[in-house]
Amino acid sequence: MTSQVSSPAEQADGAVVGEQRKPAGTKDVRRLDRVIIRFAGDSGDGMQLTGDRFTSETASFGNDLSTLPNFPAEIRAPAGTLPGVSSFQLHFADHDILTPGDAPNVLVAMNPAALKANVGDLPRGAEIIVNTDEFTKRAMQKVGYATSPLEDGSLDGYSLHPVPLTTLTVEALKDFDLTRKEAERSKNMFALGLLSWMYHRPTEGTERFLRSKFAKKPDIAEANIAAFRAGWNFGETTEDFAVSYEVAPAAQAFPVGTYRNISGNLALSYGLIAASRQADLPLFLGSYPITPASDILHELSKHKNFGVRTFQAEDEIAGIGAALGAAFGGSLAVTTTSGPGVALKSETIGLAVSLELPLLIVDIQRGGPSTGLPTKTEQADLLQAMYGRNGEAPVPVVAPRTPADCFDAALEAARIALTYRTPVFLLSDGYLANGSEPWRIPEPDELPDLQVQFAQGPNHTLEDGSEAFWPYKRDPRTLARPWAVPGTPGLEHRIGGIEKQDGTGNISYDPANHDFMVRIRQAKVDGIDVPDLTVDDQDGARTLVLGWGSTYGPITAAVRRIRKEGGRIAQAHLRHLNPFPRNLDAVLKAYDKVVVPEMNLGQLATLIRAKYLVDARPYNQVNGMPFKAEQLAHALKEAIDD
């Protein structure tokens, strides 16, 4: 979905304000500035699809939004159990927002497990819509309810809407030639229709989507549409929902342009394609499927028309080996993985450092160690990206800060790899990969020029006056070696992992040469041209909060809250983690206190303390979920007052 919006404005990520009422037939319409909705149910209840569709319609309506899909770690946990609960949270507003929200205003719970797993996150007064058909004695006992929470008074602090979603869906589809089990599968569409009525979401896009998704099964498509419409009509006619809500488009939240809703992995995929087009190089992806990186492989495989070649290898080592071979052959080469896969790829990453070839290593971080938490988010691969190879093997590291920013980060990683002939780490994470937000589609002339010149002939004059090709003769500005495509006449040269002689590229065991090559490779990375760090500095602030990656949204929302309450705090966010921006030392030393929130046990804080001898204070969380803005605001207030 795309939409046009107008001039920018910045507003606080605050609470719901300024309700207005007006009649709409027999029901009131209440105006809100923002809403947080969470859909929750069994992993087979279609909660991710329901959330995706509500998000798409919200994006087409023009709201700013941020999403947080939350998947079970097991492929198919036992039905009705807490480990099997899948949820999708959407925060949408009429102003600029930064996070999926701390606490839902509305919970749609498809069964007792979904209610129990999520009710603790709700503020008092929140609306709860429950599917009463699933609240059987056995289902409730399975998750530890001795009595029905719908009847024992435990939900008295909330606005409870008991709805027999399954029964109503089956009744709505009685004229279709479906079994009861088939009809019950459409209850998520009934719930989507009800929520679409409650919040005045467009419906045409969902109906088009369903007809497209089930094009080969038109009866199923029409059944889902009928369930969707029945949910809408139920909201319109039932007395239990006396009020519907409007959240106006965020008409002043963005610069002028054409927007679409985009997830981090999709934005990253598009960024890689754009980079290959701007470099005029074929794009090669060598990958092995792994959560949460697999979507990039799936997406890139659809774009052969852009010169994209995807290779699903038998394992992680084969995936990066093929990618490095493609880089040697003159392609923009990429390998995608998550933390466990990076460990397997480490030797080949070291080989890429030695060969000095451009290669993008995309690490969509997840909870570890080992298999860890495949569907949960973490930022714990920073030190692995920095140092997780044998020998001195420096690799630049780039990290996007939002789902949409993954597009620009991919272009930046490609720029560094191609300019400096080096592998580059692109560190995203599960929160960015699966989350989504509006993205302004850039104009072609806004994209960077990434064209490269391959070596075409001899580049060195020997003592006897003859000309030769030296594969390790460096550009004096970038220290990059020439990129010689195999098959170019006269450019034959040695390749392999054993140390090279400076200039000639011949095998060398000379101690002095090894010392020189180690230092020159480090100097090349240290000399990469990265922009200075920008600081959102509030006059009089003596505390700086420094972040990287996906903590940007929660940190920025927390900073806004502190400033709104009269506190003074400065904020800076790192995209380039190796090398650091050249002005980082001066920035850090301009403040009395530096706080570094991370979803790990303090990896960036460790690097900052070691390099700059600054007392960087870590604030850490490793529970598989992103920070909450309120939680961070509280911690930052304590740091300011300390």
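So for the sequence shown, our numbering puts the first residue at 224; every next one is plus one. Every residue gets a Cβ at the ideal spot worked out from N, C-alpha and C, and that includes glycine. Because the structure is a prediction, the values reported are computed rather than measured.
Pairwise C-beta distances place the stretch 685-694 out of contact with the stretch 650-662, as fewer than three of them are shorter than 8 angstroms.
Each of D287, I298 and N328 was checked against the Cα of I259, and the nearest Cα belongs to N328.
If you ignore the 5 residues before and after L345, its C-beta comes within less than 8 angstroms of the C-beta of A326, P327, L330, I351 and Y381, all in its own chain and listed in chain order.
Between P841 and Q745 the beta-carbon gap is near 27 angstroms, outside 8 angstroms, which marks them as no contact.
P626 sits in coil when the DSSP states are folded into three classes, being neither helix nor strand. Taking all protein chains shown into account, F677 has fewer than 16 neighbouring C-beta atoms within 10 Å of its C-beta and is therefore exposed. The beta carbon of N334 lies closer than 7 angstroms to those of G264, D265, G303, N354, E357 and A362 in the same chain, with the five residues before and after it left out. Remark: C-beta atoms of A632 and L827 do not approach each other more closely than 9 angstroms.
Ranked by how close their Cα comes to the Cα of E427, the residues R408, K440 and A449 have A449 in first place. One alpha carbon belongs to L508, the other to V531, and they sit about 8 angstroms apart.
Assignment of V479 by DSSP, reduced to helix, strand and coil, places it in the coil class. Rounded to the nearest angstrom, the gap between the Cα atoms of Q588 and F648 is 12 angstroms. From the listed residues I584, L580 and L555, the smallest Cα separation to K568 is found for I584.
Counting the other CB atoms within 10 Å of its CB gives H683 a total below 16, which places it among the exposed residues. A straight line joining the alpha-carbon of P619 with that of V565 spans about 15 angstroms.
Distance from the Cα of V768 is smallest, within the candidate group D256, Y814, I721 and Q724, for Y814.
Nearest neighbour of G680 by Cα position, chosen from Y482, T711 and A453, turns out to be T711.
G416 and S289 have their C-alpha atoms spaced approximately 21 angstroms apart. Counting every other CB atom within 10 Å of its CB across the protein chains shown gives V479 a total below 16, marking it as exposed. Assignment of beta-bridge partners to S651 by DSSP yields I587. Cβ-Cβ distances below 6 angstroms link A471 to D317 in the same chain, with the five nearest sequence neighbours on each side left out; the list follows chain order.
R742 is positioned such that its CB atom lies no closer than 9 angstroms to that of Q761. I485 is bridged by DSSP to E660. When secondary structure is reduced to three states using DSSP, N736 falls in the helix class. N846 counts as exposed, since fewer than 16 other C-beta atoms from the protein chains shown sit within 10 angstroms of its C-beta.
Annotation: Q364 to A332 spans about 16 angstroms, alpha carbon to alpha carbon. The stretch 428-445 and the stretch 481-501 do not touch, with fewer than three beta-carbon pairs separated by less than 8 angstroms. When only Cα atoms are considered, L255 and D400 end up about 41 angstroms apart.
Distance between R261 and R403, taken at the CA atoms: about 27 angstroms.
When DSSP states are grouped into helix, strand and coil, Y368 belongs to the coil group. A contact between stretches requires three or more CB pairs, one per stretch, nearer than 8 angstroms, and the stretch 594-607 meets this requirement with the stretch 817-827. Collapsing the DSSP output to three states places I351 in a strand.
Rounded to whole angstroms, the Cβ separation of L373 and L383 is 7 angstroms, and the two are in contact under 8 angstroms.
Counting only unbroken stretches of 4 or more residues, the alpha helix (DSSP H) elements lying wholly within the stretch 798-862 are 807-811 and 826-835, in sequence order. Separation of the CB atoms of D319 and A476 is rounded to 4 angstroms, and the pair is thereby assigned contact status at 8 angstroms.
Rounded to whole angstroms, the separation of the alpha carbons of G562 and S593 is 8 angstroms.
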